[in-house]
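Chains V and F are the protein sequences, given in the same order.
Quick note: the first sequence uses this note's numbering, first residue 6, plus one each step.
Quick note: the second sequence uses this note's numbering, first residue 6, plus one each step.
No residue lacks a Cβ here, since even glycine has one placed at the ideal position from N, Cα and C.
Every value quoted in this text rests on a predicted model; they were computed, and no experiment measured them.
Number of protein chains: 2
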Amino acid sequence: MQRLTIVEIAELAGVSTATVSRVLNGKRDVNEQTRRRIQQIIERYGFTPHALARSLSLKKTNNLGVIIPHTADYLFSSPYFAELIRGMGEYANRRSYRLILSTTSEERSSSEVYHGLLYGAVDGLLVLDVRVGDERVLWLKEAGIPFALVGQDPKAPSVSFVDSDNESGAYQATKYLIELGHEEIFLVNGPQEHWVSQSREQGFRRALKEAGLSPAGIVYGPFTVEAGFASAQEILKRAGSDFGLLAASDLQAFGASCALKQLGLEVGREASIIGFDDVPWAQYFDPPLTTVRQPIFQIGQEAARALIGQVESPDSEPIRSVLPTQLIVRQSTRSPDG
Amino acid sequence: MQRLTIVEIAELAGVSTATVSRVLNGKRDVNEQTRRRIQQIIERYGFTPHALARSLSLKKTNNLGVIIPHTADYLFSSPYFAELIRGMGEYANRRSYRLILSTTSEERSSSEVYHGLLYGAVDGLLVLDVRVGDERVLWLKEAGIPFALVGQDPKAPSVSFVDSDNESGAYQATKYLIELGHEEIFLVNGPQEHWVSQSREQGFRRALKEAGLSPAGIVYGPFTVEAGFASAQEILKRAGSDFGLLAASDLQAFGASCALKQLGLEVGREASIIGFDDVPWAQYFDPPLTTVRQPIFQIGQEAARALIGQVESPDSEPIRSVLPTQLIVRQSTRSPDG
DNA sequence: GCCCCAATCGTAATCGCTTCCACAGGGGGC
DNA sequence: GCCCCCTGTGGAAGCGATTACGATTGGGGC
Numbered sequence: 006m007q008r009l010t011i012v013e014i015a016e017l018a019g020v021s022t023a024t025v026s027r028v029l030n031g032k033r034d035v036n037e038q039t040r041r042r043i044q045q046i047i048e049r050y051g052f053t054p055h056a057l058a059r060s061l062s063l064k065k066t067n068n069l070g071v072i073i074p075h076t077a078d079y080l081f082s083s084p085y086f087a088e089l090i091r092g093m094g095e096y097a098n099r100r101s102y103r104l105i106l107s108t109t110s111e112e113r114s115s116s117e118v119y120h121g122l123l124y125g126a127v128d129g130l131l132v133l134d135v136r137v138g139d140e141r142v143l144w145l146k147e148a149g150i151p152f153a154l155v156g157q158d159p160k161a162p163s164v165s166f167v168d169s170d171n172e173s174g175a176y177q178a179t180k181y182l183i184e185l186g187h188e189e190i191f192l193v194n195g196p197q198e199h200w201v202s203q204s205r206e207q208g209f210r211r212a213l214k215e216a217g218l219s220p221a222g223i224v225y226g227p228f229t230v231e232a233g234f235a236s237a238q239e240i241l242k243r244a245g246s247d248f249g250l251l252a253a254s255d256l257q258a259f260g261a262s263c264a265l266k267q268l269g270l271e272v273g274r275e276a277s278i279i280g281f282d283d284v285p286w287a288q289y290f291d292p293p294l295t296t297v298r299q300p301i302f303q304i305g306q307e308a309a310r311a312l313i314g315q316v317e318s319p320d321s322e323p324i325r326s327v328l329p330t331q332l333i334v335r336q337s338t339r340s341p342d343g
Numbered sequence: 006m007q008r009l010t011i012v013e014i015a016e017l018a019g020v021s022t023a024t025v026s027r028v029l030n031g032k033r034d035v036n037e038q039t040r041r042r043i044q045q046i047i048e049r050y051g052f053t054p055h056a057l058a059r060s061l062s063l064k065k066t067n068n069l070g071v072i073i074p075h076t077a078d079y080l081f082s083s084p085y086f087a088e089l090i091r092g093m094g095e096y097a098n099r100r101s102y103r104l105i106l107s108t109t110s111e112e113r114s115s116s117e118v119y120h121g122l123l124y125g126a127v128d129g130l131l132v133l134d135v136r137v138g139d140e141r142v143l144w145l146k147e148a149g150i151p152f153a154l155v156g157q158d159p160k161a162p163s164v165s166f167v168d169s170d171n172e173s174g175a176y177q178a179t180k181y182l183i184e185l186g187h188e189e190i191f192l193v194n195g196p197q198e199h200w201v202s203q204s205r206e207q208g209f210r211r212a213l214k215e216a217g218l219s220p221a222g223i224v225y226g227p228f229t230v231e232a233g234f235a236s237a238q239e240i241l242k243r244a245g246s247d248f249g250l251l252a253a254s255d256l257q258a259f260g261a262s263c264a265l266k267q268l269g270l271e272v273g274r275e276a277s278i279i280g281f282d283d284v285p286w287a288q289y290f291d292p293p294l295t296t297v298r299q300p301i302f303q304i305g306q307e308a309a310r311a312l313i314g315q316v317e318s319p320d321s322e323p324i325r326s327v328l329p330t331q332l333i334v335r336q337s338t339r340s341p342d343g
């Protein structure tokens, strides 16, 4: 466990620590011979500079914090989350950054978590589960901490964020449901205070309006199977069997689908259901789920990229990136020519 | 962004940094009055000690590293993973530790990732996706880095690990399948080099042996939907319709179930399928999935606890913890009195 | 009044690394 | 031959905390 320090390497090489440091960081101003000699010694002893000491002196940790609000517990139950983290981690690691995960508990706000656990330990923060007028962006801006949002907050004008084109995705999906000729069209939405929900609702409404229709109903709830199940039950009380349903997540679509089946309705015959996300197993649903694909992995990568951009050049323009969504038609919607 | 340091707090309070530090860390040897005065100033200015500086001087980072091998990409597609991380994070945060996530890429081994990215940045490592004779436990032991395994490596005698009782879970499930009177019983297992797979297979075989039966077939593969689907297709080539199938994950069970349906077999009538994990939406499967429940969240917590134990007292006995599994009967297995 | 000890607090070293600044030596321009 | 500059190197001051060690004070026991 007793590892060498730069001092010992310097002694072994008969030079000063300054020179060793220069070699480690690939700086100029080192004679090619000494450089090689030092490199050999470093390699022979398997020396690695101590990350902490390096960070302290550089005032740079190469750590990115991911704060998951306790209200976003559902994130964990969602494949969305894992894929997002994977994307963020992949890009971060590629750029020699690490990801620090931190969940806020009931008792502690994000800002307390930051000051208690994360201050000095991260270069910036990745903010998930953004809601409209999110208090977190306020204190982050005020505190001058670099950050990037996954999702948008229209009330926060010039901040870095990455989002997918929810409006368009919902629009396409709704339009498709209309084309299938369903009498009534419902939306099982996410939590109302999230911009992601609001923009999907906008797309939903736009498609209906263009067709001269109005929404048969909109319900809000978390992005979970349970919520989808409950919402569908609610809807089924006041709907016929010929309806189209757009869910704001594949999980909700899954839950809704189960609710229909329980009542003996065959999904993809009379009623149609469309999900959102295209989680890896959506194609294995019964029936395979028609859904709006989001490039989740890529969103994670982009978010990390945006944050690292902010970290490395704080005065640069914020990155505001909206990635495309795409309707994937499978069998949970009825056949167009049926 | 310009935050106060302990020096400035000391000046404001008219004391030395030593005293401020003593107050911050709740040490003795500080007059009650001065303590209060300093505390007030700290609060007024919202001072938080710089985590890095603190760590450097304490030689303690309060960071736990989680290394996810690139070969375990499937982990991310599994709800198991998110739940595990959630458990680890919850316990870690409660003990004022942070979780650092690091995925190894194709080009870099765990040990390279550690030395390049994590050395000096973490107090210990949480090791996922353990295989039998895992090289990682070797270099970790050699390097003297505290660590804890999620899952077991029977070849590594005295290390901390947390696992669930896979043998017993598989035994119970298999026994249940036998009781249902199925002619043939299959196992869709995980990767063969994992102890988790081997021990489940042991439970599977034990149950069969006790009943005087022998396995109809065992196939190995990753814990994914795709693998379950493929394995079931393989099995269906050489099986009748009256068989029981135990899968090593809910995802595999899900995939297998889809394969059966594609051939018009009704799962839970003739053939029975049992999963493993009891992921949150297993009950919403069609049909609701009979499965072996693992306490995943708790495993995460325990693993963090074991690691922190090793970190804080390296000479303490390793924690070796096996958590119970439980068969949850739903409708993907046929009714006992049918 | 002297000595000793407990309580309280400060000085300075330390953690391991980066980097500013100074300095030595050699070569080229004049 | 003198001066300047450029290259290569080392000394030492940071980064922001913790803490070993020492110093000061005041009070109690004699």
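Anticipated Cβ contact below 8 Å, residue i with residue j, distance rounded
i	j	result
V:ALA237	V:LEU294	That pair is no contact at about 14 Å.
F:ILE190	F:PRO220	7 Å
F:ASP247	F:HIS187	6 Å
V:ALA212	V:TYR176	5 Å
V:TYR289	F:PHE234	7 Å
V:ASP134	V:LEU80	6 Å
F:GLY305	F:GLY92	2 Å
V:PRO323	V:SER115	In fact, because the Cβ distance is near 20 Å, the residues do not count as touching under 8 Å.
Under 8 Å between C-beta atoms of residue i and residue j
i	j	result
V:SER262	V:ARG339	no
F:VAL132	F:ARG141	yes
V:ASP170	V:GLN157	no
V:ALA264	V:PHE228	no
V:LEU57	F:LEU312	no
F:ALA126	F:THR66	yes
F:PRO285	F:PRO84	yes
V:ILE183	V:LEU218	yes
F:PRO196	F:SER202	yes
V:GLN331	V:ARG298	yes
Neighbour list for residue i in chain F, Cβ cutoff strictly below 8 Å
i	result
V:VAL230	PRO285, TRP286 and TYR289
V:PRO220	In chain order: nothing, as chain F lies at least about 26 Å away.
V:LEU256	TRP286
V:SER277	Chain F residues near V:SER277: none, gap ~17 Å exceeds 8 Å.
V:HIS120	GLY51 and THR53
Any C-beta of chain F under 8 Å from that of residue i
i	result
V:GLU198	no
V:TYR124	yes
V:MET111	Position check: residue 111 of chain V holds Glu in this sequence, whereas Met was assumed. No, V:GLU111 lies away from the interface with chain F (no Cβ there is under 8 Å from its Cβ).
V:PHE152	no
V:GLY174	no
V:SER101	yes
V:THR10	no
V:THR66	yes
Neighbouring residues, chain F, relative to residue i (Cβ below 7 Å)
i	result
V:SER345	The structure shown does not extend to residue 345 of chain V, since chain V is modelled only from 6 through 343, so no value can be given for it.
V:SER60	LEU57
V:THR4	Outside the displayed range of chain V (6 to 343) lies residue 4 of chain V, so it cannot be described from this structure.
Neighbour list for residue i in chain V, Cβ cutoff strictly below 9 Å
i	result
F:LYS347	There is simply no residue 347 of chain F to check, as chain F begins at 6 and stops at 343 in what is shown.
8 Å Cβ cutoff, residue i in contact with chain V
i	result
F:PHE81	yes
F:PRO431	Not covered by the structure: residue 431 of chain F. The range shown for chain F is 6 to 343.
F:ARG141	no
F:ASN98	yes
F:ILE105	yes
F:GLY195	no
Chain-ordered chain V contacts of residue i [CB-CB under 7 Å]
i	result
F:SER326	Ordered by position in chain V, no residue passes the 7 Å Cβ test against F:SER326, which lies about 22 Å from the chain.
Closer than 9 Å at the beta carbon, the chain F residues around residue i
i	result
V:ALA87	LEU80, PHE81, SER82, SER83, PRO84, PHE86, ALA87 and ILE90
V:THR295	What V:THR295 touches in chain F: nothing, since even the nearest Cβ is about 16 Å away.
V:GLU95	THR108 and SER110
V:GLY260	TRP286 and TYR289
V:PHE234	TYR289
Legend entry - At least three beta-carbon pairs within less than 8 Å, the segment 108 to 125 of chain V to the segment 39 to 57 of chain V: no
Inset, instruction - Please confirm if the segment 32 to 39 of chain F is in contact with the segment 86 to 103 of chain F, defined as three or more CB-CB distances below 8 Å between the two stretches. - result: no
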